[in-house]
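Visitor: Supplied in structure tokens, the structure appears directly below.
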Amino acid sequence: MADHLLDSTEIVDYEGDNTQMHQQELVVPATLISMAESFEKKGHSWFVVSQLPSDLSIKLDDITFHVNKYPLVSRCGYLQQIDLQTSASNDGYEMKLENFPGGAETFEVVVKFCYGLSVSLNPRNVAYLRCAAEFLDMTEELEDGNLISKTESFLTFVVFSSWKDSITVLKSCKNLFPWAENLQIVRRCCDSIAWASQETASAQRRWLNDVSTLHIDHFKRIITSMTLKGTRPEFLGSCIMIYAEKWLLGNDVEIEGLKHHTNGKNELVWSIYNGQKKEKESGNQSQEQRVIIETLVSILPHQKDAVSCRFLLWMLKMAMVYSVSPALVSELEKRVGMVMENASVYDLLIPAEGNQLKSLGEQTMYNVDSVQRILEYYLMNEQQRNTGTNGKSNISKLLDNYLAEIAGDPNLSATKFQVIAELLPEAARPCDDGLYRAIDIYLKAHPELSDHDRRRLCRVMNCQKLSVDACSHASQNDRLPVRTVLQVLFAEQVKLRETIQEKQQTTNADQEDNWSSQKEEIKMLKAELEKMMVIIEEIQTDHTNLQQDCKTIRTKQNALSGWILGWNKIKKTSLFHSKLNGNENREGKGEKRISSMLRTNRRQSVG
């Protein structure tokens, strides 16, 4: 049957059925019921154009419907259970419907459905028709395909499969309390929208924009459902921030200062003052804004990185503007204390509350008490985590810069200034230059301050932690007490002495380094010299051996030269020449003899 219902969004089929009314069997011919053509409106009355005469007048709000009782009784169990009163004109019955879901417009659609006329279902009217069908008890026991089953099928198979349609239906449920709640329409729409947040990553921005248009109660239900489904805290925080921006920010002057997270202290105070003035003029709107702020704070994820510190401080400012309950203000201050190291100075410039701004000449411009509590929460969290604030110099810089900003307030007491300055442990400030600057600004803005208060303020800073430049400036500052100036001069001398000692130590260290390097060079030179001595000894040994070899060669050369001289003498004698010539003649004759013998042998071999 569900497939048949989804074939069209129009309900046009109607079949009559046997129905009992007042314990009597009433048979309504389907042909007569289906012959209804249309409605006609005459003044505040509606008439059905049909062959069936009108015998029942139903008054709803200021509209009276003139219908025949059979088509409605056949499908509405509610009409079967009540006693119809005879009309004053004795021409039928009359009744009055009170607290009917959807009013006369929805009842008109129900009457058309009972008469078999074409009825269109869409996301804008399906919730009204579902609640109206429940009110009239239009169940399947009376008629197959009755209005309850048709609207339920449309919700299940059409609406809940689309987060856009679910948002449309959810918006229509605003005027259907408690019917929409009891029928679980709101819960099912919220679950459908929550699931879509995980399935539409590519269209996430469009999803966020559509969800941010919902009523705060429905938005809370969606965020709660997403939390139960394990949605990332960062995404939940993004949803909350976008919703807050859409519903809490406006284009009016009183909101602009907060929208840009305070670009200047004077503009901020003026904008907040105007915002509080307008709040008194529009109580209903401020009540709505207050509910939104309280609800958003209650659904913030517990993870400290889910939303930014700037957003939390902005919400805190808005909460004070709209006089949110002190418990939620305290909750916001604790949340800010968890991430205070990520704050900026202008984020901490929280304007004074409305009761303070009534007398600007006597009260402070900023809510320093709130910042004091935030800092106390921060220090408490650091102690619980056993991390301490020694290594977080950004906190000391943040606080010192904040003190410098509020120091110019002429209504800020020295006691309050001192309390804020002394909240941070001394070990958390590696340098007191920022604190000195804040104190100097305060003394300049409060020239009437007594000497006792001046000394009390100056005791907050540690002159030993001032830099050389700060000491030089403080030593010539006539706004400081004499005792403080003397302490600064002493600290300056100590720092100069330490600087000189450091330079001497540096010089000595450099000399020691130079002597060490010279020692290393001497060692290297000695090693190289030893190597050269070994090489020289080897060269001397080789030179001695060469000299001995040269002497031996000379002795042999002298012996050879003496033999050569003797031989030359022999060659010059006549006997040597005569023998040499005789030997040459004999050798010539022998050669001739040998030649003649060789020629003789050749001729014989030829012949």
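Take any residue in the sequence shown, note its place counting from 1, add 1206, and you have its number in this note's numbering. Each residue gets a CB set at the ideal place from its N, CA and C atoms; glycine is no exception.
(1) Roughly how many angstroms lie between the CA atoms of residue 1426 and residue 1603, to the nearest whole one?
(2) On the DSSP bridge assignment, give the partners of residue 1252 in chain order.
(3) If I follow the unbroken alpha helix (DSSP H) through residue 1446, where does it start and stop?
(4) Between the segment 1367 to 1376 and the segment 1390 to 1407, can you find at least three pairs of beta-carbon atoms closer than 8 Å?
(5) Between the alpha carbons of residue 1307 and residue 1529, how many angstroms are there, rounded?
(6) Of all the options 1365, 1617 and 1737, which has the alpha carbon lying nearest to the alpha carbon of residue 1327?
(7) Which residues bound the alpha helix (DSSP H) around residue 1523?
(8) Let's test the definition: count the other Cβ atoms within 10 Å of the Cβ of residue 1468 and tell me whether it reaches 16, buried, or not, exposed.
(9) Assuming residue 1386 and residue 1310 form a contact by the criterion Cβ under 8 Å, report the distance between their Cβ atoms to the nearest whole angstrom.
(10) Is it true that the segment 1601 to 1615 meets the segment 1642 to 1650, where meeting means three or more beta-carbon pairs spaced less than 8 Å apart?
(11) Identify every residue that forms a DSSP beta bridge with residue 1264.
(12) From which residue to which residue does the alpha helix (DSSP H) around residue 1312 run?
(13) Run through DSSP, which three-state label would residue 1277 get?
(14) Helix or strand or just coil, what does DSSP make of residue 1375?
(15) Name the one or two DSSP bridge partners that residue 1292 has.
(16) Who are the Cβ neighbours of residue 1574 in its own chain at under 8 Å, not counting the five residues just before and after it?
(17) For residue 1261 and residue 1422, I'd like the C-alpha separation in whole angstroms.
(18) Flag this pair as yes or no: are the beta carbons of residue 1601 and residue 1539 separated by less than 8 Å?
(19) When burial is assigned at 16 or more other CB atoms within 10 Å of the CB, is residue 1329 buried or exposed?
(20) Is the distance from the Cβ of residue 1169 to the Cβ of residue 1258 below 8 Å?
(21) Once the 5 residues before and after residue 1357 are set aside, which same chain residues still bring their CB inside 8 Å of it?
(22) Determine the contact status of residue 1445 and residue 1414, defining contact as a CB-CB distance below 8 Å.
(23) Taking all protein chains shown into account, do 16 or more other C-beta atoms lie within 10 angstroms of the C-beta of residue 1496, making it buried, or fewer, making it exposed?
(24) Which residue from 1552, 1635 and 1299 puts its Cα closest to that of residue 1666?
(25) Are residue 1519 and residue 1553 closer than 8 Å when you measure CB to CB?
(26) Determine the extent of the alpha helix (DSSP H) in which residue 1674 is found, giving its start and end residues.
(27) Would you say residue 1348 and residue 1281 are within 8 Å of each other, going by their C-beta atoms?
(28) Figure out for me which residue from 1451, 1607 and 1731 has the closest Cα to the Cα of residue 1639.
(29) Would you mind giving the Cβ-Cβ distance between residue 1284 and residue 1350, rounded to the nearest angstrom? I have them listed as a contact below 8 Å.
(30) Where do the N-terminal and C-terminal ends of the alpha helix (DSSP H) with residue 1620 fall, by residue?
(31) Quick one: is residue 1592 buried, meaning 16 or more other Cβ sit within 10 Å of its Cβ, or exposed?
(32) Would you kindly check if the distance between the Cβ of residue 1270 and the Cβ of residue 1251 is under 8 Å?
(33) Please report the straight-line C-alpha distance between residue 1726 and residue 1664, rounded to a whole angstrom.
(34) Can you tell me which residues form a DSSP beta bridge with residue 1814?
(35) Return the Cβ separation of residue 1290 and residue 1299 in integer angstroms, given the expectation that the two are a contact with Cβ distance under 8 Å.
Guide: Looking at the atomic coordinates:
(1) Counted from its first residue, the sequence shown places residue 1426 at position 220. Counted from its first residue, the sequence shown places residue 1603 at position 397. Each residue's Cα considered, the two are about 38 Å apart.
(2) Counting from one through the sequence shown, the residue named residue 1252 turns up at place 46. The partner list for residue 1252 (beta bridge, DSSP) reads 1247 and 1271.
(3) As a first step, residue 1446 must be located in the sequence shown, where it is residue number 240. Taken as a continuous stretch (DSSP letters only), the alpha helix (DSSP H) holding residue 1446 covers 1439 to 1454.
(4) yes
(5) In the sequence shown, the residue the question calls residue 1307 occupies position 101. In the sequence shown, the residue the question calls residue 1529 occupies position 323. Straight-line Cα distance between these residues: approximately 36 Å.
(6) Residue 1327 sits at position 121 when you count from the first residue of the sequence shown. For residue 1327, the nearest C-alpha among the options comes from 1365.
(7) Your numbering for residue 1523 matches position 317 in the sequence shown. Note, residue 1523: alpha helix (DSSP H), 1515 to 1527.
(8) In the sequence shown, counting from the first residue as 1, residue 1468 sits at position 262. Low per-residue confidence applies at residue 1468: pLDDT is 40, beneath 50, and the placement is therefore not dependable, though the value from the model is reported in the following sentence. Flag for residue 1468 reads buried.
(9) One-based indexing of the sequence shown puts residue 1386 at position 180. One-based indexing of the sequence shown puts residue 1310 at position 104. Not a contact, Cβ separation roughly 19 Å.
(10) yes
(11) For this step, residue 1264 is matched to residue 58 along the sequence shown. In DSSP, residue 1264 forms a bridge with 1271 and 1301.
(12) Here the question's residue 1312 lines up with position 106 in the sequence shown. 1309 to 1320 is the extent of the alpha helix (DSSP H) around residue 1312.
(13) Residue numbering aside, residue 1277 sits at position 71 when the sequence shown is read from its first letter. DSSP places residue 1277 in helix when its eight states are reduced to three.
(14) Residue mapping note: residue 1375 aligns to position 169 of the sequence shown, counting from 1. The answer is helix: DSSP assigns residue 1375 an H, G or I state.
(15) Against the sequence shown, residue 1292 aligns to sequence position 86. DSSP lists 1299 as partners of residue 1292.
(16) Translated into the one-based positions of the sequence shown, residue 1574 becomes position 368. Cβ within range, chain order: 1612, 1618, 1622 and 1626.
(17) By one-based count along the sequence shown, residue 1261 stands at place 55. By one-based count along the sequence shown, residue 1422 stands at place 216. Cα to Cα, residue 1261 sits roughly 46 Å from residue 1422.
(18) On the sequence shown, residue 1601 is found 395 positions in, with the first residue counted as 1. On the sequence shown, residue 1539 is found 333 positions in, with the first residue counted as 1. Contact: no.
(19) Here residue 1329 refers to the residue found at position 123 when the sequence shown is read from its first residue. Per the 10 Å Cβ criterion, buried.
(20) The chain is shown from 1207 up to 1813; residue 1169 falls before or after that span and cannot be answered.
(21) Here residue 1357 refers to the residue found at position 151 when the sequence shown is read from its first residue. 1327, 1332, 1335, 1336 and 1339, listed in sequence order.
(22) Here the question's residue 1445 lines up with position 239 in the sequence shown. Here the question's residue 1414 lines up with position 208 in the sequence shown. Cβ distance < 8 Å, so residue 1445 and residue 1414 count as in contact.
(23) For the purposes of this step, residue 1496 is identified with residue 290 of the sequence shown, where counting begins at 1. With 16 or more Cβ atoms within 10 Å of its Cβ, residue 1496 is classed as buried.
(24) Here residue 1666 refers to the residue found at position 460 of the sequence shown. Answer by Cα proximity: 1635.
(25) Taking the first residue of the sequence shown as position 1, residue 1519 is located at position 313. Taking the first residue of the sequence shown as position 1, residue 1553 is located at position 347. Cβ atoms of residue 1519 and residue 1553: closer than 8 Å.
(26) Translated into the one-based positions of the sequence shown, residue 1674 becomes position 468. Segment 1674 to 1680, the alpha helix (DSSP H) holding residue 1674.
(27) Start at 1 with the first residue of the sequence shown, and residue 1348 comes out as number 142. Start at 1 with the first residue of the sequence shown, and residue 1281 comes out as number 75. Yes, these two residues count as a Cβ contact at 8 Å.
(28) One-based indexing of the sequence shown puts residue 1639 at position 433. Closest option to residue 1639, Cα to Cα, is 1607.
(29) Indexing the sequence shown from 1 puts residue 1284 at position 78. Indexing the sequence shown from 1 puts residue 1350 at position 144. 19 Å between Cβ atoms; not a contact.
(30) Taking the first residue of the sequence shown as 1, we reach residue 1620 at position 414. Its alpha helix (DSSP H) spans residues 1620 to 1629.
(31) Counted from its first residue, the sequence shown places residue 1592 at position 386. By the neighbour-count rule (16 or more Cβ atoms within 10 Å), residue 1592 is not buried but exposed.
(32) As a position in the sequence shown, residue 1251 is number 45, starting the count at 1. As a position in the sequence shown, residue 1270 is number 64, starting the count at 1. It is a contact, given that the beta carbons lie within the stated cut-off.
(33) On the sequence shown, position 520 is the one that residue 1726 refers to. On the sequence shown, position 458 is the one that residue 1664 refers to. Their Cα atoms are separated by approximately 55 Å.
(34) A query on residue 1814 cannot be resolved here, the shown segment of the chain reaching from 1207 to 1813 and no further.
(35) For this step, residue 1290 is matched to residue 84 along the sequence shown. For this step, residue 1299 is matched to residue 93 along the sequence shown. Their Cβ separation, rounded to whole angstroms, is 4 Å, which keeps residue 1290 and residue 1299 in contact under 8 Å.
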